[in-house]
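Chemist: Quick one: this structure, given as structure tokens, is what I'll be asking you about.
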Amino acid sequence: MQLHKAVDNPLIISPPPYRWLVLLFAVAFLATPLLSVDWFESIKIPFYLCGAFVLFRYSAVARSSYPVWLMLLVIVQMTFTWVSLLIDHPEIARSGPSIEDYLDKFAFLIVAIALGGRTSNLTALVFLMAALIFMIPWVLGDGLDDFFHGLSGGREGLGLNPIRTALYLSLVVLGLLAFRKRFFGIHSIVSLGALIWAALFLLCIGTLLMTQTRGVLACLLLVVFVFGLHGALKKRRVLLRNKRYTGIALLSFLLILFVGIQTDLAGKNYDKFERELSTVQTIFEGDLDSLPNSSWGLRAQFWLVGAKWISERPFSGWGYRAGRYVLGQESKTNEKFKDYRQLHNSYLELTVRYGVGGLAIILSLFLWVLYQSHQACKRGNMSKELRNFTFTSVALFMLAANFYGLFFDDVYGLHIMTLLLGVPVSFIYKDLQVKRSESMQASSVEP
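In the UniProt record's numbering, the protein residues as written are 1 to 447.
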């Protein structure tokens with residue numbers, strides 16, 4: 001009965017086998033990156049083919065939605081970029097516009113229709129993804145050895161690149177904060193759910209400190225501070241009366257501080273931030289010629305390089321993998337760029353590749369998701385918890401994209417973006433479908 005409900009999908013008007021297929025492929029697409037990259041690569045093509053067929057053939061609400069129109073604009077923009085390169089720089093133009101380089105960012109549409117805007121499917125997906133994230137050290141890493149290495153002061157990714165691990169853990173932290181009420185008992189602070197929540201929260205924060213990833217930590221702190229301040233100002237009277245949340249927050253902070261000091265994780269992360277303060281000072285002083293070759297210093301230099309090349313072709317860009325080409329050209333006069341293949345900034349990389357049009361498309365997509373999530377919540381078709389998680393997680397992703405090349409990471413960047421957008425868009429489509437049905441009913445009863 002439960003399996004039947006999972007495939008009972010109001011967003012897909014098709015025979016049951018197609019609904020089953022697209023749901024299975026969507027789950028496999030979201031699960032395999034945390035199990036095996038090879039499995040993920042093997043599932044991509046059938047996922048895209050099956051998903052595109054079901055989306056355009058059987059999902060009316062999806063195929064007429066704003067993201068699909070953005071997909072058409074992507075094709076136009078990339079064709080324009082390719083043709084202009086054929087005319088101006090035929091030596092670097094490819095044999096075609098390589099539209100797959102950008103269109104895969106819309107894989108979330110397939111996940112959205114597969115979930116069907118159903119809370120039961122969302123719950124199952126949340127448990128699956130949380131379990132897979134916590135299993136990363138044992139599936140992809142060396143288990144407890146990784147934790148001991150991290151606690152001893154070494155930078156640890158637990159089986160993945162530390163940046164990717166930090167991003168996944170940050171999403172779990174934001175999920176725990178957004179859905180915290182599901183864990184706490186109604187009357188007692190010492191409920192089993194509250195203890196589980198606190199244990200998971202502390203585990204995530206402690207492991208985050210092991211990754212020693214300044215950019216992700218800074219983004220997470222900023223997101224939590226801004227949204228936490230907004231929530232506190234809205235509900236300050238409730239918070240003052242509710243000693244439970246205050247007690248849990250204070251206890252969690254003290255435990256994190258104690259563990260961080262005892263293991264020197266806090267000191268390691270503080271030292272990394274402190275070393276970059278000179279970079280920030282140099283930027284504010286405007287002495288851009290003296291930027292150091294540190295992590296943040298190099299990113300600032302990438303900005304200067306990217307801005308220079310964007311100014312030459314602001315509307316058409318330099319095409320597929322332009323960041324690699326740009327750094328290759330710059331390395332002829334400055335050897336420090338020769339070992340880099342990307343600009344370490346998703347927006348910069350995107351604009352260098354496909355101009356301001358390519359940048360505008362992705363930004364408008366994020367804004368559409370945030371706006372429509374708010375509207376769906378107002379109309380009761382998306383929970384406040386999911387809306388809050390959507391706002392915080394998308395904000396985290398957009399901020400982190402300033403420091404890392406997430407848009408063109410064909411495995412984990414694509415995976416995170418598909419997960420973050422696929423879930424809320426599923427409920428957005430549900431809301432749009434309900435709105436359309438109500439509009440049709442209202443028009444049918446008019447005299």
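We treat Cβ as the ideally placed atom computed from N, Cα and C, and that holds for glycine.
Helix, strand or coil, according to DSSP, for Gly317 in the structure here?
Modeler: Gly317 falls in the coil class under three-state DSSP.
Chemist: Does DSSP classify Met78 as helix, strand or coil?
Modeler: Reduced to three states, the DSSP call for Met78 is helix.
Chemist: For the alpha helix (DSSP H) containing Asp145, name the first residue and the last one.
Modeler: Run containing Asp145: Leu144 to Leu151, per the alpha helix (DSSP H) assignment.
Chemist: With a threshold of 7 Å on Cβ separation, who are the neighbours of Met398 within its own chain once the five nearest residues in sequence on each side are excluded?
Modeler: Answer for Met398: Phe366, listed in chain order.
Chemist: Counting along the chain, where does the alpha helix (DSSP H) carrying Lys44 start and finish?
Modeler: Val37 to Tyr58 is the span of the alpha helix (DSSP H), which, as asked, contains Lys44.
Chemist: Taking all protein chains shown into account, do 16 or more other C-beta atoms lie within 10 angstroms of the C-beta of Leu109, making it buried, or fewer, making it exposed?
Modeler: That one is buried.
Chemist: Looking at C-alpha atoms only, which residue of Pro314, Phe315, Leu348 and Ser316 is the closest neighbour of Leu327?
Modeler: Nearest option by C-alpha distance: Leu348.
Chemist: Evaluate Pro97 with the Cβ neighbour count: other Cβ atoms within 10 Å of its Cβ, from every protein chain shown; 16 or more gives buried, anything less gives exposed.
Modeler: So Pro97 ends up on the buried side.
Chemist: Taking the beta carbon of Phe408 as the centre, do at least 16 other beta carbons fall within 10 Å, making it buried, or is it exposed?
Modeler: Result: buried.
Chemist: Less than 8 Å between the C-beta atoms of residue 451 and Gln433, yes or no?
Modeler: With the chain running from 1 to 447 in the structure shown, residue 451 is simply not present.
Chemist: What is the DSSP secondary structure of Leu291, counted as helix, strand or coil?
Modeler: Note: Leu291 maps to coil in three-state DSSP.
Chemist: Would you say the segment 65-81 touches the segment 12-21, given that touching needs at least three Cβ pairs under 8 Å?
Modeler: Judged by Cβ distances under 8 Å, the segment 65-81 makes no contact with the segment 12-21, as fewer than three pairs qualify.
Chemist: Whose CA, out of Gly319, Cys219 and Gln441, lies closest to the CA of Glu91?
Modeler: Here the closest residue by C-alpha is Gly319.
Chemist: Span of the alpha helix (DSSP H) holding Asn388?
Modeler: It spans Lys384 to Ala400 - the alpha helix (DSSP H) in which Asn388 sits, taken as one unbroken run.
Chemist: List in chain order: all unbroken alpha helix (DSSP H) runs of 4+ residues lying wholly within the segment 152-226.
Modeler: Complete alpha helix (DSSP H) runs here, min 4: 162-178 and 192-211.
Chemist: As a quick exercise: from Lys336, Gly405 and Phe389, pick the residue whose alpha carbon is nearest that of Arg353.
Modeler: Answer by Cα proximity: Gly405.
Chemist: In angstroms with no decimal places, state the Cα-to-Cα distance between Leu115 and Leu23.
Modeler: About 7 Å.
Chemist: Can you tell me whether Val425 is helix, strand or coil according to DSSP?
Modeler: DSSP places Val425 in helix when its eight states are reduced to three.
Chemist: Applying the 10 Å Cβ sphere with the 16-neighbour rule, what's the burial state of Ile196?
Modeler: Result: exposed.
Chemist: With distances taken between CB atoms, is the gap from Leu132 to Leu34 smaller than 8 Å?
Modeler: It is a contact, given that the beta carbons lie within the stated cut-off.
Chemist: From Leu220 to Gln212, what does the alpha carbon distance come to, in whole angstroms?
Modeler: Straight-line Cα distance between these residues: approximately 13 Å.
Chemist: Are Val216 and Ala166 close, meaning C-beta to C-beta below 8 Å?
Modeler: Yes, Cβ-Cβ distance for Val216 and Ala166 is below 8 Å.
Chemist: So is Gly380 buried or exposed if we call it buried at 16+ other beta carbons inside 10 Å?
Modeler: That one is exposed.
Chemist: Rank Leu414, Gln375 and Gln342 by C-alpha distance to the C-alpha of Val425 and give the top, closest one.
Modeler: Checked all of Leu414, Gln375 and Gln342; the closest Cα to Val425 is Gln375.
Chemist: Leu3: buried (16+ other C-beta within 10 angstroms of its C-beta) or exposed?
Modeler: Since pLDDT at Leu3 reaches only 49, below the 50 mark, its modelled position is unreliable, and the value read off the structure follows with that caveat. Exposed: under 16 other Cβ atoms inside 10 Å.
Chemist: Evaluate the contact criterion for the segment 167-179 versus the segment 385-393: three or more CB pairs, one atom per stretch, below 8 Å.
Modeler: Yes, the segment 167-179 is in contact with the segment 385-393.
Chemist: Near Thr279, which residues of its chain fall below 8 Å by C-beta distance, leaving aside the five closest residues on each side in sequence?
Modeler: Closer than 8 Å at Cβ, skipping near neighbours: Leu291, Pro292, Ser294, Trp296, Gly297 and Ala300.
Chemist: Looking only at its chain, what residues have a beta carbon closer than 6 Å to the beta carbon of Lys430, apart from the 5 residues adjacent to it on each side?
Modeler: So the qualifying residues of the chain are Gly117 and Asn381.
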